Amino acid sequence: MSMHMRLLVAVAGLAAGCHDPSPPATPDAPHVATGAIQMTDASLMFPLSTSYLSASDSGARGVLLPKTLYTTFGPITGSSGSPAPGGTGSADYGSLHVVAMRLDPCFASLAPDPQGANCTAQLRLVFQEVTGTPPTAFDSALHVFYRLDRAELLDLVSSIAELRAQSIDGRLGGLAPHPLMVRDGMSGAFAVGVRALILAHAGEQNLTRLTQFSSSNDGFDWAFSGADVSDAASATLTAMQIPSLAGSATQQSFFRDFGTPPNPSITPETTSADDPEPLATQGVTQTQAQAAFTGLVRVDHPAHESPNTIDCASCHLASQISQQIAKPMFGLDEATDADAYQADGTYVLASELTEMVPTDRELSDFHAFSYNEDRAEINQRTVNETAANVVYLNQALGL
14 MSMHMRLLVA VAGLAAGCHD PSPPATPDAP HVATGAIQMT DASLMFPLST SYLSASDSGA
74 RGVLLPKTLY TTFGPITGSS GSPAPGGTGS ADYGSLHVVA MRLDPCFASL APDPQGANCT
134 AQLRLVFQEV TGTPPTAFDS ALHVFYRLDR AELLDLVSSI AELRAQSIDG RLGGLAPHPL
194 MVRDGMSGAF AVGVRALILA HAGEQNLTRL TQFSSSNDGF DWAFSGADVS DAASATLTAM
254 QIPSLAGSAT QQSFFRDFGT PPNPSITPET TSADDPEPLA TQGVTQTQAQ AAFTGLVRVD
314 HPAHESPNTI DCASCHLASQ ISQQIAKPMF GLDEATDADA YQADGTYVLA SELTEMVPTD
374 RELSDFHAFS YNEDRAEINQ RTVNETAANV VYLNQALGL
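This is the structure we're talking about:
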């Protein structure tokens, strides 16, 4: 049976009444195409768990993240759980767990080809050190990329949608810890099914890239870097050049500053005209703020900037600057800006373009799709990328 037919069969089963009606559908659900791929089918954040997928778990394509590769790349570090304020500790390999996954049908493309020409399809997993009862996550994260072919990715997202459709008839809304996993737990049918799908499609055999951010100095300093992997089993990797940085830089750092309000700095700074950092500079004028905000909106828009065109810090900083500085201090609101990414209104609703960004951390928290201790954080760039991918996936599947 084709992937399209399997999804239609699942939806037909729901129409016959074979489903659990909770969580409830959102009021605007009738405006969404029946059986469509949803936001939470393409980007899944898992509730924190010390028993779910580990770095050492193995499936059809080998170990998810070989220990030698993690060690060679350099353990991620963070301030959470450090012995004293300002201290730094390394995330232990044995405590690394998958906290999120994302599917991307055409990675870093500003204008994805409808038929997938020249597209790189990916499954991406986010690992963090998760420990304790109740579980909490180390304040750092490792993003691991696995290459898929187009047919495999379309089948994978269809399978996730089918699993979801077996439990709910209706919309799950915007990105958040997955409602079905929250409701049913990590031993529930949906979580078990997703775990099996990950182990069937991701492993050292198709692992192609690692990126990370680490915090130190009690969250005042952050470091970003990445590496392309040619052979995960032998830990053969090459430092990744970070886009838009001068001198072929392979690392970037952010210092929050100790002042109140802070006067942060990024090293090296981006060479791109789309630079949100000036908004966070003390003494910036309204005119300067507006110019920087225009760049910030473009950084968050997947048709204007991509991971191949803009630096790490700009992407991770944009939502914090938007919510903590642009909106309250200058009256610049990304949610109502005419140039901001807009929901298509059919596959993604405006109500689903909701970020989860803290507004009380004074530029000291830059998770894009991961956890700070027990707090889930999702920035606008991740939301917008997911929405664009959802539209693309639905069109590719003919839904």
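Using this note's numbering, read the sequence shown as starting at 14 and increasing by one per residue. For glycine and all other residues, C-beta sits at the position ideal for the given N, C-alpha and C. Since the structure is predicted, the reported quantities are computational estimates derived from the model, not experimental observations.
Range of the contiguous alpha helix (DSSP H) that encloses residue i
i	result
Asn-131	Unbroken run through Asn-131: none, as it is neither H nor E.
Asp-168	163 to 178
Leu-406	393 to 410
Ala-415	For residue 415 there is no data in the structure shown, the boundaries of the chain being 14 and 412.
Val-195	192 to 197
Phe-343	340 to 343
Classification of residue i by the beta-carbon crowding that lies within 10 angstroms, buried from 16 upward
i	result
Ser-364	exposed
Leu-123	exposed
Gln-393	buried
Pro-127	exposed
Met-369	buried
Asn-321	exposed
Thr-395	buried
Gln-254	exposed
Ala-202	exposed
Asn-131	exposed
Ala-164	exposed
Phe-158	buried
Thr-84	exposed
Gly-358	exposed
Ala-400	buried
Asp-162	exposed
Phe-271	exposed
Contact check, residue i vs residue j, beta carbons under 7 Å
i	j	result
Gln-265	Leu-155	no
Glu-142	Ala-178	no
Phe-233	Arg-208	no
Tyr-354	His-380	no
Phe-86	Leu-223	yes
Ala-293	Phe-343	no
Asp-287	Arg-311	yes
Ser-285	Val-112	no
Inter-residue Cα distance where the pair is residue i and residue j
i	j	result
Pro-125	Ala-305	27 Å
Ala-246	Ser-108	20 Å
Pro-3	Asn-219	Absent from the structure is residue 3, since the part of the chain shown begins at 14 and ends at 412.
Pro-227	Phe-151	What sits at residue 227 in the sequence shown is Ser, not Pro. Roughly 9 Å separates the two Cα atoms.
Ser-335	Leu-136	28 Å
Val-76	Ser-243	15 Å
Ile-338	Ala-213	43 Å
Val-170	Pro-148	28 Å
Leu-138	Pro-274	35 Å
Asn-309	Ala-348	A small fix is needed here, since residue 309 is Leu in this sequence, not Asn. One C-alpha to the other measures close to 12 Å.
Gly-206	Ala-49	19 Å
Lys-80	Ala-55	27 Å
Leu-250	Gly-260	20 Å
Thr-39	Gly-187	At Thr-39, the pLDDT of 37 sits below 50, so the modelled position is not reliable; the number obtained from the coordinates is stated separately. One C-alpha to the other measures close to 11 Å.
Thr-283	Leu-258	5 Å
Ile-10	Asp-350	No answer is possible for residue 10: the residues shown for the chain start at 14 and end at 412.
Where the beta strand (DSSP E) through residue i begins and ends
i	result
Leu-109	109 to 117
Phe-382	382 to 385
Leu-376	Looking at the DSSP string, Leu-376 is not in any beta strand (DSSP E), and its letter there is neither H nor E.
Val-242	234 to 244
Ala-252	249 to 252
Arg-222	220 to 229
Problem - Unbroken stretches of the alpha helix (DSSP H), 4 residues or longer, contained in the segment 262 to 338 - result: You should have 299 to 312, 325 to 334.
Practice task
Return the chain-ordered ranges of every beta strand (DSSP E) run that is complete within the segment 44 to 86 and spans a minimum of 3 residues.
Solution key: Fully enclosed beta strand (DSSP E) runs of 3 or longer: 56 to 58.
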